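Notes for the one structure printed next.
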Amino acid sequence: MKKRVALAYSGGLDTSVAVGWLGAELGYEVIAVAVDVGQDVDFDALRKRAIAAGAVEVEVVDAREELLADFAMPTLAANALYEGRYPLVSALSRPVIVRHLVAAARRHGASAVAHGATGKGNDQVRFEVGTRALAPDLEMLAPVRVWGMTREETIDYAERHDIAVTVSKDRIYSIDANIWGRAIECGVLEDPWVAPPEDVFALTVPVAVEPVEVTVGFEQGVPVALDGTQLGLVALVGEIGRVAGSVGFGRVDMVEGRRVGIKSREIYECPGALALIMAHADLEGLTLERDVAHEKARLEPRFAELVYDGMWFSPLRQAMSAFMTSTQRCVTGEVRLRFSPGGGAEVVGRRSPVGLYVYDLATYDAADAFRHEDGEGFVRLFGLGIQTWSARQGGAE
Ligand code: ARG
């Protein structure tokens with residue numbers, strides 16, 4: 193029997209040529225695995241293209257719900273934003289794809305898995321480290337990193353080997369999209385000084401002329417309802433994304449530090465993800481005990497880094513998620529988000545049946561139930577050390 197490889201197949205130029213290349217140059221039978229993470233792709237056409245390129249099997253997996261439930265929700269629990277801004281769109285889809293690649297490799301008796309990522313990006317790291325974590329015995333192949341062909345040479349290779357590809361020579365941007373958002377690179381965007389042209393945006397084209405308000409309901413840190421209507425994750429994330437995007441909210445333009453040491457200019461549009469993180473973080477303000485909230489905030493950037501760096505299946509990410517999960521037990525309640533034309537979004541209200549806000553303690557009105565006399569002793573002891581220091585060793589000024 194010929195050796196087999198499970199290839200993460202996108203239907204694009206590189207992975208189509210990779211199907212032919214893995215067969216012709218390395219002698220593999222290729223199982224093409226296409227994972228639907230909510231990218232805008234015609235999967236029937238993709239199936240035919242994989243077969244035409246020479247794949248012996250094609251698997252199409254709908255992993256949208258799984259991407260959200262198993263990857264985006266734990267990341268939302270951590271309010272994770274890489275370098276403070278990027279909600280990890282591409283970084284979240286790679287581990288889902290890896291999971292299905294490994295499963296397909298097992299089902300079809302493949303000894304290797306392959307991906308179409310280049311040598312310059314983060315995605316190679318995520319595919320390979322992820323695969324090693326789930327299946328240390330499988331071989332890893334990265335044809336695009338190995339073959340060293342330019343885009344034109346890749347198109348020539350496809351023509352010479354009769355691989356049907358649909359390419360537009362004027363393709364300007366490299367886009368990676370899923371249900372959590374969209375990443376756009378290349379073309380004029382490679383100059384960090386140049387403002388992104390409007391035509392790079394698809395999810396955040398402003399059309400709304402009036403402010404829109406949405407109430408997001410959370411249960412244990414997971415969004416479950418919009419305006420009181422219970423929704424599944426796929427529907428909910430899609431809907432809040434549409435509303436937030438309609439005012440132009442959700443754009444990120446940043447220069448980002450890749451794992452491989454390259455700074456790159458990235459444009460993201462993540463209206464739904466950023467709106468949910470904003471709402472979730474606000475609800476935590478109401479429901480998390482102070483020390484837990486502060487410690488959690490210190491861990492969140494580290495969590496984001498781990499996910500970005502392709503360490504999803506690492507023991508540290510798992511341990512940190514165990515902590516995050518335990519903090520979410522009472523992150524239940526509702527948050528009012530207001531989106532304004534011009535791209536603004538803000539939280540304008542929040543409530544929770546288990547909130548830690550106690551009106552009788554917080555109020556300055558007649559209802560005040562706080563024992564003011566307790567303040568005196570508390571503050572005296574709190575300041576005792578510094579008072580002694582000042583008296584004995586001289587003050588600060
Ligand atoms: N820089 C982002 C990340 O590393 C986006 C990568 C997008 N990938 C792509 N193949 N266009 O997560």
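By the working numbering, the letter at position 324 of the sequence shown is numbered 516, and the numbering carries on one by one without gaps. Every residue, glycine too, gets a C-beta built ideally from N, C-alpha and C. These figures come from a predicted structure and were not determined experimentally.
Going by DSSP, which residues form a beta bridge with residue i?
i: LYS312; result: In the DSSP output, where bridge partners are listed per residue, LYS312 has none listed.
i: ILE376; result: ILE367, ILE459
i: ILE223; result: ALA198, GLU249
i: SER532; result: GLY536
i: VAL447; result: ARG457
i: PRO415; result: PHE410
i: LEU265; result: For the sequence presented, residue 265 should be read as Met rather than Leu. DSSP, once it has assigned bridges, lists no residue as partnering MET265.
i: GLU608; result: In the structure as shown, the chain starts at 193 and stops at 589, and residue 608 therefore has no counterpart that could be examined.
i: MET332; result: VAL305
i: ASP180; result: Coverage of the chain is limited to positions 193 through 589, which leaves residue 180 absent and any answer about it impossible.
i: GLN422; result: ALA417
i: VAL596; result: Shown here, the chain extends from 193 to 589; a query on residue 596 therefore has no answer.
i: TYR274; result: TYR278
Does residue i pass the burial test, meaning 16 or more other C-beta atoms within 10 Å, or should it be called exposed?
i: ASP557; result: exposed
i: PRO328; result: exposed
i: VAL571; result: exposed
i: THR323; result: buried
i: VAL305; result: buried
i: VAL444; result: buried
i: ILE578; result: exposed
i: TYR220; result: buried
i: SER285; result: buried
i: PRO266; result: buried
i: GLN585; result: exposed
i: THR342; result: exposed
i: PRO384; result: exposed
i: GLY409; result: buried
i: TYR549; result: exposed
i: GLY230; result: buried
i: TYR551; result: exposed
i: GLN422; result: exposed
i: GLU458; result: buried
i: MET193; result: exposed
i: ARG318; result: buried
i: GLU476; result: buried
i: HIS141; result: This structure cannot speak to residue 141, because the chain is shown only from 193 to 589.
i: ALA394; result: exposed
i: GLY203; result: buried
i: VAL397; result: exposed
Among residues of its own chain, excluding the 5 on either side of residue i, which ones have a beta-carbon nearer than 6 Å to its beta-carbon?
i: ALA400; result: SER438, VAL439, PRO533
i: ALA226; result: TYR201, LEU238, VAL252
i: GLY308; result: ASP206, THR207, ALA210, VAL336
i: VAL414; result: MET265
i: LYS195; result: TYR220, SER303
i: MET516; result: ALA269, ALA270
i: ALA559; result: ASP552
i: MET446; result: ARG277, GLU458
i: ALA283; result: VAL499, TYR500
Among the residues of its own chain, which have a CB less than 8 Å from the CB of residue i, if the five just before and after it don't count?
i: LEU326; result: VAL290, ARG291, VAL294, PHE505
i: PRO545; result: THR524, GLY525
i: ALA588; result: SER582
i: ALA244; result: ILE355, ALA356
i: TYR365; result: ILE376, GLU377, CYS378, GLY379, LEU381, VAL392
i: VAL288; result: VAL227, VAL229, ALA255, GLU258, LEU259, ASP262, PHE263
i: THR310; result: GLN316, VAL336, ARG337
i: LEU498; result: TRP504, SER506, LEU508, ARG509, MET512
i: GLY575; result: none
i: ASP419; result: VAL406, THR407
i: PRO389; result: VAL380
Give every residue of the same chain whose Cβ lies closer than 7 Å to the Cβ of residue i, excluding the five residues on either side of it in the sequence, and list them in chain order.
i: THR346; result: LEU205, ASP206, VAL209
i: LYS312; result: VAL452, ILE454
i: ALA242; result: TYR201, VAL211, ALA224, VAL250
i: ARG256; result: ASP228, VAL229, GLY230, ILE371, VAL426
i: ASP474; result: VAL527, VAL539, ARG542
i: GLU320; result: MET332
i: VAL222; result: VAL197, LEU199, VAL211, LEU214, GLY215, GLY246, ALA247, VAL248
i: ARG450; result: GLY313, ASN314, SER456
Taking 7 Å as the cut-off, is the CB of residue i close to at least one heavy atom of the ligand SAH?
i: ASN271; result: As for the ligand SAH, it is missing from this structure, which binds only the ligand ARG.
Cβ pair count under 8 Å reaching 3, the stretch 391-409 against the stretch 489-500: no
Three or more C-beta pairs below 8 Å linking the stretch 534-553 and the stretch 436-454: yes
Stretch pair the stretch 249-263 + the stretch 364-372: three plus CB contacts closer than 8 Å: yes
At least three beta-carbon pairs within less than 8 Å, the stretch 298-306 to the stretch 513-532: no
The stretch 333-348 / the stretch 200-218 touching (three or more Cβ pairs under 8 Å): yes
Three-pair Cβ contact test at 8 Å for the stretch 275-283 versus the stretch 455-471: yes
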